[in-house]
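Shown next, in structure tokens, is the structure this report addresses.
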Amino acid sequence: MSSTDCPGGTDATEQADVRSLLLDRNDIWIGQILPYVGTGHYAFLGAVNKRMNHLYKEYCDKAQKPQKVMGENGKRSATATDTLYSAVFSSVPCAQYWLRHKSETPRQFWVCRAIAKVGNLPVLQFAHKTYGYSINTATCHAAARFGHLQVLKWLLEQGCQWDPDICASAAAGGHLDMLKWAREKGCPWDEVTYSVAAQHGHLNVLKWAHENGCPWNASVCRSAAQGGHLHILKWAHQNGCPWNAGLCASAAKGGHLDMLKWARENGCPWDNRTCQNAANLGHLDVLIWARENGCPWDQATCNEAASGGHLDILKWAHRNGCPWDSRTCSTAAANGHLDVLKWAFENGCPWDRTTFWTAAANEHLEVLEFLHEKGCPWSASVCHVVASCGNLTILKWLRANGCPWDSRTIKGATQCGQTEVLQWARENGCPEE
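In this note's numbering, the protein residues as written are 246 to 678.
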């Protein structure tokens with residue numbers, strides 16, 4: 246009997262051909278199939294085969310990725326080869342596959358903390374009981390911050406202890422029900438609960454905390470200012486929350502001019518930190534208004550402008566009589582802001598050996614070249630710090646241009662394990678005693 250005589254034989258063959266055609270077309274994978282999965286699954290899809298690895302990278306490079314991803318060392322920009330914790334810990338099989346290929350020891354707490362952020366209790370139980378990954382109070386904080394009450398309950402059943410940061414974490418996430426539950430169970434709290442709720446704009450949390458006796462201090466108003474939440478600042482002030490000059494400094498830091506104006510109109514004090522913060526973060530409009538309304542400033546304003554690389558602010562401040570000193574050049578050099586450093590030097594700002602040292606400590610060769618060309622003083626401490634950093638290129642440049650060195654160069658390289666630098670220094674006659 247031929248295939249055409251079999252019931253459904255032709256249809257089955259045609260369906261197989263269609264599937265084969267679809268799977269062989271990269272445009273269908275990238276345009277229709279992979280978007281169904283989404284970004285952040287590289288550890289799983291990239292390991293299928295070389296073709297899938299290439300396709301998934303190509304898809305992720307074109308797709309809109311999250312601005313920031315949770316990582317073992319905080320937050321950073323997303324890349325095509327990221328695997329998000331929400332994917333890794335979405336199920337026990339996914340977690341098992343991923344954990345099997347990790348080298349972390351069970352005593353590293355970040356694994357369970359990351360699972361608590363995702364909120365998958367079976368995965369957390371599996372990682373803790375099967376792989377021995379540790380849980381602690383920080384795991385509780387993560388569960389509270391992201392609103393996973395069942396996870397928090399289980400952690401406490403396992404012996405994790407209450408502390409005030411559990412309430413603060415729930416407040417930061419705006420999880421009022423969790424905060425209420427924690428307080429009913431006897432969890433302590435303190436002023437931080439207020440402060441983080443204010444910073445993140447959770448007025449309902451603030452009101453409930455106030456009604457239920459949570460202590461507060463001036464950090465609450467300061468946090469509201471830092472987060473740019475004027476309505477919360479107004480409510481806190483109307484309800485008797487204390488404030489101080491740190492509020493105006495925080496508003497300036499965030500560039501919240503409307504908040505700064507309101508605070509001043511209602512009698513909030515300020516000091517030179519207001520101008521410093523505005524200068525450091527590049528808020529020229531805030532700085533101008535503050536000065537027009539009598540806010541004090543000092544050398545730190547120019548220093549902070551230089552540190553942040555804000556040449557326009559440094560020019561305006563200097564033109565309007567703000568004092569400066571050698572720290573202005575040093576902070577510009579330390580942060581690699583060569584344009585700021587050049588302008589400051591050309592306009593009479595002093596510098597000293599610290600200027601050269603800070604540029605060296607932060608490995609800014611282009612800045613060092615300019616400083617040396619213009620006669621900025623140096624000392625043997627420059628070679629010492631460069632050797633400690635392990636930057637052989639800069640050390641060679643320093644020595645070629647006559648920078649002195651002493652036994653500290655050898656000591657710095659030795660203490661920091663810079664073997665290549667150590668070998669070169671000894672071969673080139675660096676003193677050891």
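Even for Gly, the Cβ is constructed at its ideal location relative to N, Cα and C.
Residue i vs residue j beta-carbon contact at 8 Å
| i | j | result |
| --- | --- | --- |
| residue 363 | residue 331 | yes |
| residue 420 | residue 392 | yes |
| residue 497 | residue 528 | yes |
| residue 238 | residue 329 | One cannot answer for residue 238 here, as it falls past the ends of the chain, which runs 246 to 678. |
| residue 585 | residue 554 | yes |
| residue 623 | residue 598 | yes |
| residue 559 | residue 547 | yes |
| residue 495 | residue 467 | yes |
| residue 449 | residue 428 | no |
Sequence-distant residues of the same chain with beta carbon closer than 8 Å to residue i, five excluded per side
| i | result |
| --- | --- |
| residue 665 | 635 and 637 |
Alpha carbon of residue i to alpha carbon of residue j, nearest angstrom
| i | j | result |
| --- | --- | --- |
| residue 411 | residue 583 | 45 Å |
| residue 572 | residue 416 | 40 Å |
| residue 576 | residue 489 | 28 Å |
| residue 517 | residue 564 | 18 Å |
| residue 319 | residue 674 | Because residue 319 carries a pLDDT of 46, less than 50, the predicted location of this residue cannot be relied on, and the following value inherits that uncertainty. Taking the straight line joining both Cα atoms gives about 43 Å. |
| residue 612 | residue 600 | 10 Å |
| residue 672 | residue 642 | 16 Å |
| residue 360 | residue 338 | 14 Å |
| residue 287 | residue 525 | 38 Å |
| residue 523 | residue 648 | 38 Å |
| residue 561 | residue 519 | 16 Å |
| residue 609 | residue 504 | 38 Å |
| residue 678 | residue 588 | 41 Å |
| residue 676 | residue 668 | 13 Å |
| residue 385 | residue 291 | 33 Å |
| residue 276 | residue 293 | 19 Å |
| residue 650 | residue 607 | 18 Å |
| residue 463 | residue 436 | 9 Å |
| residue 679 | residue 515 | Lying before the first or after the last residue shown, residue 679 is absent from the chain, which here runs from 246 to 678. |
| residue 509 | residue 521 | 17 Å |
| residue 373 | residue 389 | 18 Å |
| residue 652 | residue 605 | 18 Å |
| residue 274 | residue 340 | 25 Å |
| residue 639 | residue 617 | 13 Å |
| residue 483 | residue 430 | 31 Å |
| residue 346 | residue 333 | 12 Å |
| residue 461 | residue 646 | 58 Å |
| residue 371 | residue 549 | 49 Å |
| residue 591 | residue 295 | 56 Å |
| residue 402 | residue 426 | 15 Å |
Close Cβ partners of residue i (< 7 Å) along its chain, the five nearest in sequence each way excluded
| i | result |
| --- | --- |
| residue 453 | 421 |
| residue 383 | 354 and 358 |
| residue 406 | 382 |
| residue 502 | 530, 531 and 534 |
| residue 366 | 395, 396 and 399 |
| residue 670 | 632, 654, 655 and 658 |
| residue 602 | 626, 627 and 630 |
| residue 271 | 300 |
| residue 414 | 386, 389 and 390 |
| residue 491 | 463 and 467 |
| residue 369 | 357, 360, 361 and 396 |
| residue 298 | 291 |
| residue 459 | 434, 438 and 439 |
| residue 424 | 412, 415, 416 and 450 |
Selected residue, minimal CA-CA separation from residue i, among the options
| i | options | result |
| --- | --- | --- |
| residue 473 | 507, 485, 371 and 456 | 507 |
| residue 579 | 551, 543, 490 and 526 | 551 |
| residue 377 | 522, 356 and 269 | 356 |
| residue 499 | 471, 623, 595 and 389 | 471 |
| residue 655 | 645, 627, 568 and 459 | 627 |
| residue 233 | 451, 523 and 493 | Not covered by the structure: residue 233. The range shown for the chain is 246 to 678. |
| residue 594 | 566, 450 and 340 | 566 |
| residue 404 | 514, 549, 380 and 510 | 380 |
| residue 581 | 592, 345 and 615 | 615 |
| residue 289 | 424, 343, 296 and 605 | 343 |
Beta-carbon contacts of residue i that lie in its chain and below 6 Å, excluding the five residues immediately before and after
| i | result |
| --- | --- |
| residue 661 | 633 |
| residue 596 | 571, 574 and 621 |
| residue 541 | 517 |
| residue 336 | none |
| residue 433 | 409 |
| residue 544 | 568, 569 and 570 |
| residue 465 | 439, 440, 443, 481 and 486 |
Test: residue i CB closer than 8 Å to a CB of chain D
| i | result |
| --- | --- |
| residue 358 | The chain inventory of the structure shown lacks chain D, comprising one protein chain alone. |
Inset, instruction - Answer yes if the stretch 467 to 479 comes into contact with the stretch 433 to 452, meaning at least three C-beta pairs across the two stretches below 8 Å, and no otherwise. - result: yes
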